[in-house]
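Written below as structure tokens is the structure these notes are about.
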């Protein structure tokens, strides 16, 4: 840390595969940032403290205890210590009330593990669902815009769609889109036909948009249209050759998977309601394009900004306890 | 071969992963049967003859040439020799007209590789599609029932649905259901929650049927309901414990995947029209149960009987050339 501003607390996003830490000032400015691949899946519960000290020990003051606010899978049952799920509907500005304190040896670490959220099946069509980590990004949205109401999408391996009303999460849905795309692109018969797509290319973009619209019109043909990607590679003479061919087909696969998600997630949403996307820039751009193809507008909030605002909001609640 | 009946020809189903051969009498009775895992994926084009001699060389007479009728991936571009696709609509009783003769050293082998079928995209909603092997099973149905008209389903890794009118295949659709189920069950986050299902168990059967109906009613929620299987494993207190839990969840996954296929494949089909299933007994039973859950009746033709009848029909055409 080369800045003169003083370290006041530490923000931590501890996911399944990655650990990201930020040194924060008392005004919630980022003083320094580090990331590693030491996520929950590679750790036993006794390894978390040592991992944390390993990654950020040199940031810590000599004696003073420091708030370390953690969201994500570190609070799962198979993580550091379980922070039990809060049940929706749930207010997002009081997540810290469900935080748990794991036992630590180093007195400088005042760790709080934030809880995830869960949802039970009910007669209104809600399904069993869980999130860990995304609730903190949603809290970040609420921290920045306390009056926000509307539909929020967090694209990713397990994409989340949340319905917020003035700081309260009423319900949410998880779609396995990212994982499904990866399995199909890398491990199915389609893998022989695909390369990396590029939505800046007009042919790719058109293939993507057409796929979104196709699956939205006829969702029941989803798995048939998957196989047609392979058959099209064998038969479609209008496809470009070379590298561009695999890129177009990958864009079509992406459009089919994201389009099916959107068709399910947008149910009941008026086209005049803007969707708020929270996530990595390129992925959010992809979703924005898909939404546009179906007549919806969107705006994007960067996921790092969202998670830091959510952790800062949680820390402010912890302090006032 | 312990029978006194004389070997007249050899039937071969040469798929991607398996090779199955039958010694046939002139009346098309099975005299002997063998199977190996030496499928197309493990062979280069120069290895087919040796493989065939290895598997059935001891069946061959000293000098007489013998018809060897082959369906499946041996006729693919990456197989023994390419038997180019016939384009639908196509008559199923004249497949042999598209057969090709690969070059062989052994004069006793009179090999014919039957063609697959392909379909081009058109304005009626037909998609690019291909089949290799299933067309011979369909020909087997036509051989047994020349007047057959209706919808035929061949479940499997890439399930085929065909529309037949009096011996002619008008169009078909391939659904990636089997492959999708396997990927999700074995490689996705769901793998932690699943074990083998058993539709003879009433709880499994109910989970399967409910899933078929759920996805048929709301197909756009497909990828969301996939994730809900995992969330249900964490949260649903009504699920049985132990081994039965994973079996019920596997049955639900199977129901979601097959149900989405049926919702797409049954479009425009009146409930009074019976679906003809051709395939392995257990899988056909699963499809029959799913069809019943949606109000349709079905009947089953064993896939070995179908493929042998199709190969016999092709051989009879070859002989009359």
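Protein chains in written order, with our numbering: chain A, 1 to 321; chain B, 322 to 642. Every residue, glycine too, gets a C-beta built ideally from N, C-alpha and C.
Checklist entry - Taking the beta strand (DSSP E) that residue 440 (chain B) falls in, what are its first and last residues? => result Here the beta strand (DSSP E) through residue 440 (chain B) covers 438 to 440.
Next on the checklist: Measuring straight from C-alpha to C-alpha, what distance separates residue 200 (chain A) and residue 361 (chain B)?
Outcome noted: So the alpha carbons of these two residues sit roughly 39 Å apart.
Checklist entry - Residues of chain B with CB under 7 Å from residue 224 (chain A), in chain order? => result Under the 7 Å cutoff, chain B gives 448, 494, 495, 496 and 585.
Next on the checklist: If we require 4 or more residues per run, which alpha helix (DSSP H) segments fall completely within the stretch 560 to 603 of chain B?
Outcome noted: Listed in chain order, the complete alpha helix (DSSP H) runs (minimum 4 residues) inside the stretch 560 to 603 of chain B are 563 to 586.
Item to check | Where the beta strand (DSSP E) through residue 140 (chain A) begins and ends | outcome: It is not in any beta strand (DSSP E) - residue 140 (chain A) instead sits in the alpha helix (DSSP H) that spans 134 to 144.
Item to check | When A:217, A:59, A:233 and A:298 are compared against residue 446 (chain B), the one with the closest alpha-carbon | outcome: Answer by Cα proximity: A:217.
Next on the checklist: So with CB distances below 7 Å, who are the chain B contacts of residue 256 (chain A)?
Outcome noted: Residues of chain B passing the Cβ test: none, with the nearest at roughly 11 Å.
Next on the checklist: I want to know whether the stretch 181 to 190 of chain A touches the stretch 482 to 494 of chain B - three or more CB-CB distances under 8 Å.
Outcome noted: Taking 8 Å as the limit for Cβ pairs, the verdict is that the stretch 482 to 494 of chain B does not touch the stretch 181 to 190 of chain A.
Item to check | Which of helix, strand or coil DSSP assigns to residue 490 (chain B) | outcome: Strand, per DSSP.
Checklist entry - Which residues in chain A sit within 9 Å of residue 529 (chain B), going by Cβ to Cβ distance? => result Contacts between residue 529 (chain B) and chain A, judged by CB atoms closer than 9 Å, are missing: the closest CB pair is about 17 Å apart.
Checklist entry - Curious, which full-length alpha helix (DSSP H) runs of at least 4 residues does the stretch 491 to 528 of chain B contain? => result Within the stretch 491 to 528 of chain B, the runs of alpha helix (DSSP H) that reach at least 4 residues and sit entirely inside it are, in chain order, 498 to 508.
Checklist entry - Would residue 394 (chain B) pass as a contact of residue 454 (chain B) if the rule is Cβ separation under 8 Å? => result Cβ distance < 8 Å, so residue 394 (chain B) and residue 454 (chain B) count as in contact.
Item to check | Proximal residues of chain C, C-beta to C-beta of residue 542 (chain B) below 7 Å | outcome: In the structure shown, chain C does not exist; the protein chains are A and B.
Checklist entry - Using a Cβ-Cβ distance under 8 Å, would residue 548 (chain B) count as near chain A? => result Proximity of residue 548 (chain B) to chain A, defined by a Cβ-Cβ separation below 8 Å, is satisfied.
Item to check | Where residue 364 (chain B) falls: helix, strand or coil (DSSP) | outcome: Residue 364 (chain B) falls in the coil class under three-state DSSP.
Next on the checklist: Three Cβ pairs or more, each shorter than 8 Å: is that satisfied between the stretch 114 to 128 of chain A and the stretch 550 to 558 of chain B?
Outcome noted: Yes: at least three Cβ pairs fall under 8 Å.
Checklist entry - Given that residue 158 (chain A) touches chain B, what residues does it touch there, using C-beta distances under 7 Å? => result Below the 7 Å Cβ cutoff, chain B contributes 548 as neighbours of residue 158 (chain A), in chain order.
Item to check | Selected residue, minimal CA-CA separation from residue 280 (chain A), among A:288, A:273 and A:32 | outcome: The closest CA to that of residue 280 (chain A), considering only A:288, A:273 and A:32, is found on A:288.
Item to check | Close-in-space but distant-in-sequence residues of the same chain around residue 526 (chain B) (CB under 8 Å, 5 per side omitted) | outcome: Cβ neighbours of residue 526 (chain B) beyond the five flanking positions: 520, 572 and 610.
Checklist entry - In three-state terms, what does DSSP make of residue 381 (chain B)? => result In the three-state reduction of the DSSP assignment, residue 381 (chain B) falls in the coil class.
Checklist entry - Cβ of residue 623 (chain B) less than 8 Å from any chain A Cβ? => result So, not an interface residue.
Next on the checklist: Less than 6 Å between C-beta atoms, sequence neighbours within five positions excluded: which residues of the same chain meet that for residue 143 (chain A)?
Outcome noted: Within the same chain, residue 143 (chain A) has close Cβ partners 309 and 313.
Checklist entry - Of the residues that make up the stretch 415 to 444 of chain B, which ones have a beta carbon closer than 9 Å to any beta carbon in chain A? => result Contacts with chain A (Cβ-Cβ distance below 9 Å) from the stretch 415 to 444 of chain B involve 439, 440, 441 and 442, listed in chain order.
Item to check | chain A residues whose Cβ lies nearer than 7 Å to that of residue 508 (chain B) | outcome: Those are 183 and 187, listed as they occur along chain A.
Next on the checklist: Tell me which residues share the same chain as residue 239 (chain A) and place their Cβ nearer than 8 Å to its Cβ, disregarding the 5 neighbours each side in the sequence.
Outcome noted: Within the same chain, residue 239 (chain A) has close Cβ partners 232, 233, 245, 248 and 249.
Item to check | Local Cβ density within 10 Å of residue 514 (chain B), reported as buried at 16 or more and exposed below that | outcome: Here residue 514 (chain B) is buried. Its C-beta has 16 or more other C-beta atoms within 10 Å.
Next on the checklist: So, for residue 82 (chain A): in the same chain, excluding its five sequence neighbours on each side, which residues have a beta-carbon less than 6 Å away from its beta-carbon?
Outcome noted: None.
Item to check | For residue 422 (chain B), three-class secondary structure by DSSP | outcome: In the three-state reduction of the DSSP assignment, residue 422 (chain B) falls in the coil class.
Checklist entry - Under a Cβ-count criterion, where at least 16 other Cβ atoms within 10 Å of its own Cβ denotes burial, should residue 188 (chain A) be classed as buried or exposed? => result So residue 188 (chain A) ends up on the buried side.
Item to check | Residues from the stretch 550 to 569 of chain B in contact with chain A, defined by Cβ distance under 9 Å | outcome: Of all residues in the stretch 550 to 569 of chain B, 550, 551, 552, 553, 554, 555, 556 and 557 have a Cβ within less than 9 Å of some Cβ in chain A.
Checklist entry - Since residue 323 (chain A) is in the beta strand (DSSP E), which residue starts that stretch and which ends it? => result This structure leaves residue 323 (chain A) out entirely; chain A is present only between 1 and 321.
Next on the checklist: Once the 5 residues before and after residue 358 (chain B) are set aside, which same chain residues still bring their CB inside 7 Å of it?
Outcome noted: Cβ within range, chain order: 338 and 339.
Checklist entry - So residue 277 (chain A) and residue 298 (chain A) are in contact, right, with Cβ under 8 Å, and what is the actual spacing, rounded? => result Between residue 298 (chain A) and residue 277 (chain A) the Cβ distance is about 5 Å, and since that is below 8 Å, they are a contact.
Next on the checklist: Which same chain residues end up closer than 7 Å to residue 536 (chain B) when comparing Cβ atoms and leaving out the 5 residues on each side of it in sequence?
Outcome noted: These residues qualify, in order along the chain: 543, 546, 577, 580, 581 and 584.
Item to check | Min CB distance residue 581 (chain B) to chain A below 8 Å | outcome: It does: the Cβ of residue 581 (chain B) has a partner Cβ on chain A nearer than 8 Å.
Checklist entry - Using 8 Å as the limit for Cβ to Cβ distance, is residue 269 (chain A) near chain B? => result It does not; no Cβ of chain B falls within 8 Å.
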